[in-house]
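Numbering (the working numbering), first residue to last: -4 to 205. Even glycine gets a Cβ: it sits at the ideal position worked out from N, Cα and C. Just so it is clear, the structure is predicted and the values come from calculations on it, not from any experiment.
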């Protein structure tokens, strides 16, 4: 486990989402990366049903890199990591938390390795509609355990892949001296998931009103 940076790849009006993902994988291959498997993340949304309380959510996430681990993240960004028994606990909490199945997200794609780097290129899908919401690229630098020690390397690698200048995300900046953990990777994915979902639902609403 190293330090990861999860990047959103903007859509191109002239390309389909699959063409965009294929092009990203091709750039990784040209760079010298070797495909080493598949990558998968899912995110179930549980909404609080407590009367007179705010409609806060708990996001239950799974990552193929950690097959026996579940990540439960609250709106407050508090993250609980445990074995998969937490999935059963959430089912027993149905009177308190409702599973919003129509909001479930997942991302699927390929995993590549290149020396000290691991890349995961995935498409994000809203499972209830099979709509592709976006393309994400995770770049992981294995030798480091703190983000601040590998900003330059991550930035250089991401810019080399995307072919444009990019800024280190605030999430990594404010944790520059902290020990990096899988929780931090999941928090980044959740941040992108929520932004992509919000954008998609906004587009759907606009289309319905027009």
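Continuous alpha helix (DSSP H) stretch holding residue i: start and end
i           : result
residue 168 : 165 to 168
residue 37  : No alpha helix (DSSP H) holds residue 37; the beta strand (DSSP E) holding it covers 29 to 43.
residue 24  : 12 to 26
residue 86  : 80 to 87
Member of the options whose CA lies at the smallest distance from the CA of residue i
i           : options              : result
residue 50  : 171, 71 and 65       : 71
residue 128 : 57, 6, 68 and 67     : 6
residue 68  : 11, 40 and 87        : 40
residue 100 : 141, 120 and 186     : 120
residue 55  : 29, 194 and 93       : 93
residue 172 : 137, 141, 125 and 15 : 141
residue 37  : 104, 169 and 10      : 104
residue 83  : 74, 34, 73 and 65    : 65
residue 15  : 25, 23, 4 and 188    : 4
residue 102 : 59, 81 and 178       : 59
residue 139 : 111, 9, 150 and 154  : 111
residue 35  : 62, 26, 149 and 45   : 62
residue 57  : 169, -2, 198 and 75  : 75
Classification of residue i by the beta-carbon crowding that lies within 10 angstroms, buried from 16 upward
i           : result
residue 180 : buried
residue 190 : exposed
residue 159 : exposed
residue 95  : exposed
residue 162 : exposed
residue 174 : exposed
residue 125 : exposed
residue 13  : exposed
residue 156 : buried
residue 196 : exposed
residue 192 : buried
Extent of the continuous beta strand (DSSP E) to which residue i belongs
i           : result
residue 106 : 100 to 109
residue -2  : -2 to 4
residue 72  : Careful: residue 72 lies outside any beta strand (DSSP E) and carries neither H nor E.
residue 93  : 92 to 94
residue 55  : 52 to 58
Touch test, the region 1 to 20 against the region 145 to 152, Cβ-Cβ under 8 Å, three pairs minimum: Cβ pair count under 8 Å is below three, so no.
Minimum length 3: unbroken beta strand (DSSP E) runs contained in the region 110 to 148: Runs found: 112 to 121 and 126 to 136.
Cβ pair count under 8 Å reaching 3, the region 108 to 120 against the region 128 to 137: Contact annotation: the region 108 to 120 touches the region 128 to 137, with at least three C-beta pairs closer than 8 Å.
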